[in-house]
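Heads up: the sequence shown begins at 32 in my numbering, then just goes up one per residue.
Beneath this line is the structure, given in structure tokens, with notes to follow.
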Amino acid sequence: MSAGREILLRASGIEKRFGAVVAASGLDVGVAVGERVSLIGSNGAGKTTFVNMITGYLKPDAGSIVLGGRDITRLAPRAITRLGVARSFQIPQLFTGMSVLENMLVALACHGERLSFWRTARQADAVARADALLERFNLAEHRQRRVAELPGGVRKLLDIAMALTGEPRLLLLDEPTSGVSAEEKFPMMEIVMRALGQERMAVLFVEHDMDIVERYADRVIAFYAGRIIADAAPGVALAADDVRRYVTGTLRADAPLS
32 MSAGREILLR ASGIEKRFGA VVAASGLDVG VAVGERVSLI GSNGAGKTTF VNMITGYLKP
92 DAGSIVLGGR DITRLAPRAI TRLGVARSFQ IPQLFTGMSV LENMLVALAC HGERLSFWRT
152 ARQADAVARA DALLERFNLA EHRQRRVAEL PGGVRKLLDI AMALTGEPRL LLLDEPTSGV
212 SAEEKFPMME IVMRALGQER MAVLFVEHDM DIVERYADRV IAFYAGRIIA DAAPGVALAA
272 DDVRRYVTGT LRADAPLS
């Protein structure tokens, strides 16, 4: 995290257990406004548990989570969303029988944009907001297509665009390139990062593709067995022995430490 930048999210002393399983142990994380942070680690390392605690779907056993100076540790997910936290999922949460535009309008309605066909001006404003986001995510050409007809990468873009309808301060992306073809991954992430570049929001993204991490993260936080084993710029974090041993698998488990 760059010195002197305004801190948006601060998680301190986070602990979480599921029976004998340690899902989070002494986690201390600060995320600055506008920062792009990738969370990496093998399955079960604690990444998703951490994200679920930020969004309120899980409560830590100990520690605190503060967003913009407000303690959100015990708040309900809906309250946290209203304070400016949005999330996209590994499997997009879309209405496949509806059009792209209709999905955007539903997302706007969920964030308080009341839609009514008897209030033409309000409806037109909502459509204009939806269209502006679709344009930013290169989705305008798909505006009237049913979601069921869209390829995986386009669905991912729509899911992220819908997350932005609430104008979040913190955006959490759960494996944005999962299920996306090798040919689609980098073009899709270029579109996402260009679209997000217009915002001051912080972005936390869980990712298993280290090429994506290295190219698009300002900073990498690596998890193993509920602990943070690295927190640094991509080049530094991905070269760390513990990360190579337990995350990327580029160092044998029995290799001596350098």
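Heads up, the beta-carbon is just placed ideally off N, CA and C, and yes, glycines get one too.
It should be emphasised that the depicted structure is a prediction, and the values quoted were computed from it without experimental measurement.
Specify, as a first and last residue, the run of the beta strand (DSSP E) that residue i falls within.
| i | result |
| --- | --- |
| V60 | 52 to 63 |
| A93 | 93 to 98 |
| A233 | 233 to 237 |
| R109 | No beta strand (DSSP E) holds R109; the alpha helix (DSSP H) holding it covers 108 to 113. |
| V116 | 116 to 119 |
So, at 8 Å on beta carbons, what are the nonlocal neighbours of residue i in its own chain, with the 5 sequence-adjacent residues on each side left out?
| i | result |
| --- | --- |
| V185 | L170, H173 |
| V244 | S69, I71, E238, V251, P265, L269 |
| M129 | V137, R177, V178 |
| A107 | G87 |
| A263 | R250, V251, A271 |
| S73 | Y255, Y277, V278 |
| F126 | E133, N134, V137, V178 |
So the alpha helix (DSSP H) residue i belongs to, where does it begin and stop?
| i | result |
| --- | --- |
| L132 | 131 to 141 |
| R258 | Element bounds for R258: not the alpha helix (DSSP H) but the beta strand (DSSP E), 258 to 263. |
| I243 | 241 to 247 |
Does DSSP classify residue i as helix, strand or coil?
| i | result |
| --- | --- |
| L269 | coil |
| G197 | helix |
| D205 | strand |
| K187 | helix |
| I71 | strand |
| A76 | coil |
| I222 | helix |
| R167 | helix |
| R176 | coil |
| K216 | helix |
| F126 | coil |
| R275 | helix |
| S227 | First, the residue type needs correcting, since residue 227 is Leu and not Ser in the sequence shown. Here L227 sits in helix by DSSP. |
| V211 | coil |
For my contact list, residue i and residue j are in at a C-beta cut-off of 8 Å; report their separation, rounded to the angstrom.
| i | j | result |
| --- | --- | --- |
| L98 | L181 | At roughly 33 Å, the Cβ-Cβ gap does not stay under 8 Å, so L98 and L181 are not in contact. |
What does a CB cutoff of less than 6 Å around residue i pick up in its chain, not counting 5 residues either side in sequence?
| i | result |
| --- | --- |
| G210 | G183 |
| M84 | P91 |
| E215 | G184 |
| V60 | A42 |
| A192 | L164, F168 |
| K78 | L70, G72, V237, F254 |
| T104 | S95, I96 |
| L89 | N83 |
Among all the DSSP beta bridges, which residues are the ones paired with residue i?
| i | result |
| --- | --- |
| F254 | I259 |
| K47 | A55 |
| D102 | V97 |
| I38 | A63 |
Which residues in the same chain have their Cβ closer than 7 Å to the Cβ of residue i, if we skip the five residues on either side of it in sequence?
| i | result |
| --- | --- |
| A194 | A117, R118, S119, L202 |
| F148 | Caution applies to F148, whose pLDDT of 49 falls short of 50 and renders its modelled position unreliable; the value that the coordinates give is listed next. If we look at F148 and ignore the five residues flanking it on each side, its Cβ neighbours are Q154. |
| R67 | V234, Y247, A248, D249 |
| A226 | R167, F168 |
| G228 | none |
| L282 | D272, R275, R276 |
| R231 | V64, G65 |
| R101 | L114 |
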